[in-house]
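Report on one structure; see the data block that follows.
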Amino acid sequence: MGKPNDLVQGTLDLLILRTLSPQPMHGWAIAKRIQQLSCEVLQVQQGSLYPALHRLEQQGWIEAKWAESETGRQAKFYSLTAAGRGQMEKETANWNRLSAAIDLIVTEA
Amino acid sequence: MRWLMQLRMRIQMLFQRGKAGARLDEELRFHLEQQIAENIAAGMNAEEARFAALRAFGNPALLREQARAAWSWTWLELLWRDVCYGARTLKRSPGFAAIAILVMALGIGANVAMFTVVRSVLLKPLPFEEPERLVALYEYSSDDQFPYNDIAGGVFAEWRKQNRSFSNLALLGEAQLNLSGAAGQFPERLRGAGCTWNLLSTLGVKPALGRDFTAADDQLSANGTVLLSWGLWKRRFGGDPAILNQTINLNRQSYTVIGIMPAWFAYPDSSTQLWTPIYHDKLAQTMAALDSHMFQSVGRLKPGITAAQGVAELSVITRRLHDQHLDDPFIGKAANIHPLLEGMVGDMKGPLYVLFAATGCVLLIACLNVANLLVARATARRKELAIRAALGGGRLRLLRERLMESFLLSAAGGAFGLLLAYGAVQWLAHTRQDISRIEAIHIDGVVALFTVGLIVLCALFAGLIASWTARDKRLLVSLQDSARGSSGGHAHTGLRRALLAVEVGLTVVLLVAAGLLLKSYARLRSSDMGCDTQNVLTMHLYLFGGRYSEPAQLVNFYSALLTRVRSLPGVEAAGFVEAVPGQGYWEDEGFAVVEHPPLPQGQLQYAVLRGADPGYFAAMGIPMLRGHTFDANRRLGQANQTVISESFAKQYFPGEDPLGKHLRTLGAHTYEIVGVVGDTRYSVAEDPKPMQYYPLFAGLWNNGTLFIRSGHNVEQLSLPVQRIVQELDRDLPVSDVLTMDQLLGKSTLDASFDATLLAGFAALSLLLAGVGLFGVLSYIVAQRTSEIGIRMALGAQREQVLRMMLLDGLRPALFGLAFGLVISVGVARLIRSMLYGTRPLDPAVFAAVAATLLLVAALACMVPAWRASRLDPMQALRTE
C-alpha cells in the first residue's frame with residue numbers, strides 16, 4: 162500500500178523526463194525504454210510509472226496527447242514541455258551532484 | 070506560464086473526472102495488452118502471457134487509485150462520498166433527523182438574529198466620517214445627581230468660544246413642529262431637531278439633495294430654513310425635488326426647504342424628520358441661559374486629542390462659569406463625555422447582551438441535545454462500527470463519517486435557522502422601533518459568515534462529543550459486549566448523563582433569569598401610579614404661532630377646550646396637564662420657600678414641575694389630601710396658587726403645615742400653597758418624586774396632554790374630541806392619541822420584551838431538557854430490559870423497579886439543578902440592573918424554577934420508568 166519514498170520518486174521523475182527528452186512516447190514505451198537503457202538493471206514496476214506520469218502532467222512538466230500508436234491503436238503520448246525541459250536540467254544537475262558525492266564517499270571510505 | 074497550465078489541468082480534472090477516469094483505464098489497458106502481445110510474441114501461451122504482464126505491471130486497481138490521487142481532487146471525491154453516506158444514514162431515520170435539524174435551526178436562528186441586532190446596534194461604527202473622533206457631550210450637575218445632564222445654551226456658547234480640543238462642536242435640541250396642511254392635507258405634528266448650522270459638517274454628512282445650513286441661516290434675524298428627512302420628503306411631498314427652495318409652514322412660521330437628508334440618516338434618532346437652525350428658532354435668552362439644561366451636544370475631537378483631554382478642557386471652562394455664578398446652583402460644575410455611539414445606544418447594551426447570552430445558552434443546549442441523540446445512535450451502531458474497524462476501516466475515516474453526519478444536521482439546521490433569523494429580525498425591527506439604529510438592521514455577508522462559523526462550531530461540538538464514545542479501542546469488547554445482553558453498554562450512558570446534567574444546569578440558569586425578569590415586569594405593571602388609570606384617553610397638543618403668542622390666548626383656548634370636551638356626552642371627566650403620570654420626567658424647577666431662611670450659597674432645591682388645570686386632580690383621581698385645588702377664576706397674573714405633592718410636603722415642610730406658605734420660583738414668581746395631593750409616578754419604573762403643580766391658567770404652558778375619562782370604551786371618544794380641537798383651531802394637529810394603558814405599556818415595552826423573549830428561550834430549553842431526559846431514560850430502559858426481567862423473576866416488585874428507574878433518570882436532573890442554581894446566583898447579580906422591585910436572589914423565583922424543573926424532569930422520566938415496571942419478565946428475558 163505504501164507509496165514510493167521521495168528519493169525513489171524523485172529519481173523516477175528524472176528517469177521519465179530524460180526518457181521523454183528525445184521524442185514523445187506512450188507509457189509502455191517509456192517503461193521498455195528505461196529497462197533497455199539501464200541494461201535491464203532498473204526493474205521498475207511498470208505500473209508505478211502511471212501515477213508518476215499523471216503527477217508530472219499535473220505539474221506541467223509534461224503534456225499528453227492521444228494519438229495512433231505503431232500498432233494502430235489509440236495511445237496516450239507524453240512529451241516534454243519547455244518547463245519540463247528546464248526541470249530535467251535542474252534535476253540532472255542535482256543528480257550528478259548527489260551521485261558524485263555518494264561516489265566519493267563509497268570509493269574514499 | 071506553468072501555473073496557467075496547472076490551473077487548466079486542475080479545472081479539467083474537476084469537471085471531466087468521468088472522462089479522465091475512462092481514459093486512464095484505457096491507458097492502463099493499452100499498456101497491459103501491449104505487454105501481453107509482447108509476451109505472446111516471446112512464445113508464452115495466452116494465460117501465461119497475461120499473468121506475466123500483470124506481475125510486471127503490479128496491482129492495476131491500486132495503481133489506478135494512485136494515478137487518480139495525482140489529480141489532486143481526491144479529497145473532494147472522498148468528501149462527497151461521506152456526504153452521500155451521511156445523508157443516506159440520516160434518511161434511514163427521518164424522525165431523528167427532523168428533530169435534530171429543528172433543534173439546531175432554533176438554536177442557530179436565535180443566535181443569528183441576536184447577533185444581527187447586536188452587531189447593527191452596538192458594534193457597527195456609526196455611518197459618519199471618522200466616527201471614533203465623535204463624542205457626545207454632557208454637563209455634570211453640581212449636586213452629582215445627573216452625571217450626564219443636558220447642556221445649557223449659555224454653557225455651550227462658552228465651550229464653543231473657548232475650547233481648543235474640538236475641530237467642531239454642534240448643539241441640538243428636540244423640536245416639536247406643527248406642519249400646516251397645504252391644499253387639503255391634514256396638519257401634522259412632527260418630531261424635529263433644532264441644531265446649530267454645523268451639525269452636519271461635524272458629523273461629516275451632506276444632504277442628499279440641496280444644500281447644508283450656513284452660519285447665516287443660524288441666527289434669529291435669518292429667514293427660516295429647514296432640512297427634510299428622506300422619509301418625510303417621500304411621504305408628504307411625493308419625493309418631488311421641486312420642493313427645494315419652496316416654503317412650508319412650521320408652527321405657523323414659514324421655512325424654506327433647503328435640502329433633503331439621505332435615507333439612512335437618523336440622527337439624533339430615527340423619529341427625527343426635520344432639522345432647523347437652533348439659533349433661529351429659540352429665543353436669544355434661552356440660548357444664553359447658563360442653568361436651563363435642555364440641549365445635547367456632539368463634538369469632533371481634533372486629531373491627536375483624546376476624549377479625556379477634550380472633556381478636561383470643557384470641564385475647566387464649565388467650572389469657571391460655575392464659580393463666576395456661585396449664586397446660581399443650577400450651573401453644572403464639570404463636563405462629561407461618551408463616545409457618540411455609546412451616547413446613542415448605551416442603555417440598550419445590557420439587555421441586548423443578556424439576550425445574546427441567553428441565545429448562546431439555547432444553542433449550547435441544542436448542541437448538547439443533538440450530541441445526545443448522536444451518542445445514542447453511535448451506541449446503537451457500536452457493533453457495526455467495531456466490525457468496520459476490524460475489517461480495516463481507518464479510525465480517521467470513521468471519525469470523519471461521524472462528523473459528517475453532525476455537519477449535515479447542523480448545516481441543514483443552519484439553513485433553516487437563517488430563514489428563522491430573517492423572520493425574527495424583521496419582526497424585531499418592526500416591534501422595537503424605539504431602539505436607536507434598529508432601522509439599520511439587516512442580514513449581510515458578515516452575518517452569513519457568522520452563521521457558517523456557527524454551523525461548523527456546532528457540527529464539531531456535537532460530532533466530537535458523539536465520536537468520543539465511538540473511540541473505544543477495545544474492538545473485541547465491543548464485539549462481544551451485548552452479544553448476549555445483560556446490562557450492556559452501561560458505561561456508555563455515563564457520558565449522556567453528564568451531557569444531560571449540563572443541559573439541565575443551563576436550563577435552570579435561563580429559567581431563573583427569565584423568572585426574575587418576568588417578576589420585575591409584573592412588579593412594573595402593578596406599580597401604583599398614584600392615580601386612576603382605567604378608561605383614560607390621552608392626546609398631546611402643541612399650541613404654536615401667532616394665535617397663541619399671548620398667555621391670555623392660551624388660557625382662552627384651554628378653557629374653551631375643556632368646557633366643550635367636558636360637555637361631550639360620555640365624558641365623565643377631562644383635564645389638561647403638562648404630562649400625565651407615567652409620561653416622563655418632563656421638567657423641573659428650582660424654588661425657595663419664602664417663609665424659610667435663605668439657603669446657603671451653592672445649595673439647590675428643585676422638584677418636578679407640572680402645569681395643571683384646576684380640575685386635573687379630581688379628573689385624574691389623584692387624592693386631595695389637604696386644602697383645595699387652584700381657584701378656577703384666578704387667571705393669568707392672578708393665578709398665584711400652587712399645589713404640592715405629599716412627598717414634597719414631607720421633604721420640604723417636615724413637621725410644618727405647608728398650607729398658606731409661599732414658594733418663589735426661579736422666575737421670581739411667588740405662589741401660595743393651597744393644597745397637598747397624593748404622590749404620582751412620572752415614570753413607571755421610578756419611585757414617586759416630590760412634585761409641584763402650578764395653574765395652567767397662568768398661561769405659561771403652550772403644550773401638554775388633554776385627557777378624558779369615560780365609564781367604558783373611552784377610545785370611542787377619540788374622534789369627537791379631535792373634532793372639537795379641529796373646530797377650535799383648524800391648523801392644530803393632535804398627536805400621541807393613546808389610552809393610559811397603552812401609554813404605560815409603551816414605557817414598559819423594554820421590560821416586557823426582554824422578559825418575554827427570555828421566557829421563550831427558557832421554555833424552549835426546558836422542553837429540550839425534558840426531551841433529553843426522556844430519551845436517555847428510554848434508552849437505558851431498553852438496554853436493561855433483560856436485567857429488569859431477571860430482577861422481576863427473582864422477586865423484585867413493580868414499585869421497586871419503578872423507583873429504581875425513576876431515580877436513575879432523575880439523578881442527572883438533580884445534579885444539573887444543583888449546578889444550575891449555583892451558576893444562577895452569579896448570573897442574577899449580573900442582570901441586577903435590569904431588575905425592578907425584585908431582589909437578584911428572590912427566593913420565590915428560585916423555588917419556582919426548582920419546582921418546575923423537577924416536575925418536568927419527573928414527567929419526562931415517568932413514562933419510561935413506568936414502562937419498565939410494566940415489563941413482563943418472561944418476555945423481557947426472551948428479548949434479545
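Protein chains in written order, with our numbering: chain A, 162 to 270; chain B, 70 to 949. Where is the CB? At the ideal position from N, CA and C, for every residue including glycine.
Around GLN81 of chain B, the same chain offers ALA89 as residues with beta carbons nearer than 8 Å, after the five sequence neighbours per side are excluded. About 10 Å separates the beta carbons of LEU883 of chain B and ALA919 of chain B, which is beyond the 8 Å limit, so they are not a contact pair.
Counting of Cβ neighbours within 10 angstroms places ASP396 of chain B among the exposed residues, the total staying below 16. VAL187 of chain B and ALA929 of chain B have their C-alpha atoms roughly 36 Å apart. Listed by position along chain A, the residues whose Cβ is nearer than 7 Å to that of MET74 of chain B are GLY221. The Cβ atoms of LEU575 of chain B and SER834 of chain B lie closer than 8 Å to each other. Nearest C-alpha to SER628 of chain B among B:PHE645, B:LEU612 and B:GLU641: B:PHE645.
Residues of the same chain with a CB within less than 7 Å of the CB of VAL753 of chain B, apart from the 5 flanking positions on each side, are LEU593, SER596, GLY651, LEU813, SER816 and THR817 in chain order.
Chain A places no beta carbon closer than 8 Å to that of GLY462 of chain B, leaving this residue out of the contacts. The C-beta distance from ILE220 of chain B to SER340 of chain B rounds to 21 Å, too long to meet the 8 Å contact threshold. Chain B has a Cβ within less than 8 Å of the Cβ of LYS237 of chain A. Residue state for THR294 of chain B is assigned as strand, using DSSP reduced to three classes. Taking 4 residues as the minimum length, the alpha helix (DSSP H) runs contained wholly in the stretch 435-516 of chain B are 451-459 and 464-500, in order along the chain. The contact set of PRO212 of chain A on chain B, defined by CB atoms closer than 8 Å, consists of LEU132, GLN135, ALA136, ALA138 and ALA139 in chain order.
As the crow flies, the alpha-carbon of GLY563 of chain B is around 41 Å from that of GLY514 of chain B. Under DSSP, the beta-bridge partners assigned to PRO764 of chain B are B:ALA681.
The residue from B:VAL414, B:ARG908, B:PRO789 and B:LEU890 with its alpha-carbon nearest to that of LYS588 of chain B is B:ARG908.
Residue environment analysis places GLY615 of chain B among the exposed positions, since fewer than 16 neighbouring C-beta atoms fall within 10 angstroms of its C-beta. Under the DSSP assignment, CYS200 of chain A falls outside any beta strand (DSSP E); it carries neither an H nor an E label. For the 8 Å CB-CB criterion, ASP911 of chain B and LEU585 of chain B form a contact. Shown here, TRP266 of chain B sits in coil according to DSSP, grouped into three states, outside any helix or strand.
DSSP, reduced to helix, strand and coil, places TRP344 of chain B within a strand of the structure shown.
Contact between TYR590 of chain B and SER821 of chain B is confirmed by a C-beta separation of about 5 Å, below the 8 Å threshold. Contact of GLN207 of chain A with chain B by beta-carbon distance below 8 Å involves HIS100, GLN104, ALA125, PHE126 and GLY127. In this structure PRO212 of chain A is buried. Its beta-carbon is surrounded by 16 or more other beta-carbon atoms within 10 angstroms.
Per DSSP, reduced to three states, the secondary structure at PRO310 of chain B is helical. For ARG216 of chain A, the residues of chain B that pass the 7 Å Cβ criterion are ALA139, in the order they occur in the chain.
If you compare the alpha carbons of B:ASN771, B:PHE717, B:ASN772 and B:TYR740 with that of THR749 of chain B, the shortest gap goes to B:PHE717. Put simply, the stretch 161-174 of chain B does not touch the stretch 411-418 of chain B. Fewer than three CB pairs are less than 8 Å apart. Counting only unbroken stretches of 3 or more residues, the beta strand (DSSP E) elements lying wholly within the stretch 687-775 of chain B are 693-696, 710-714, 731-734, 739-746 and 760-764, in sequence order. Within its own chain, the residues whose Cβ lies closer than 8 Å to the Cβ of ALA332 of chain B, once the five positions on either side in sequence are excluded, are ALA277, TRP299 and GLY300, listed in chain order. Residue pairing of ARG778 of chain B in beta bridges, as defined by DSSP: B:VAL605 and B:ALA642. Interface flag for GLU96 of chain B against chain A is set, since a Cβ pair is found closer than 8 Å. Secondary structure of GLN245 of chain B (DSSP, three-state): strand. In this chain, GLU647 of chain B is not harboured by any beta strand (DSSP E), its DSSP state being neither H nor E.
Secondary structure of TRP256 of chain A (DSSP, three-state): helix.
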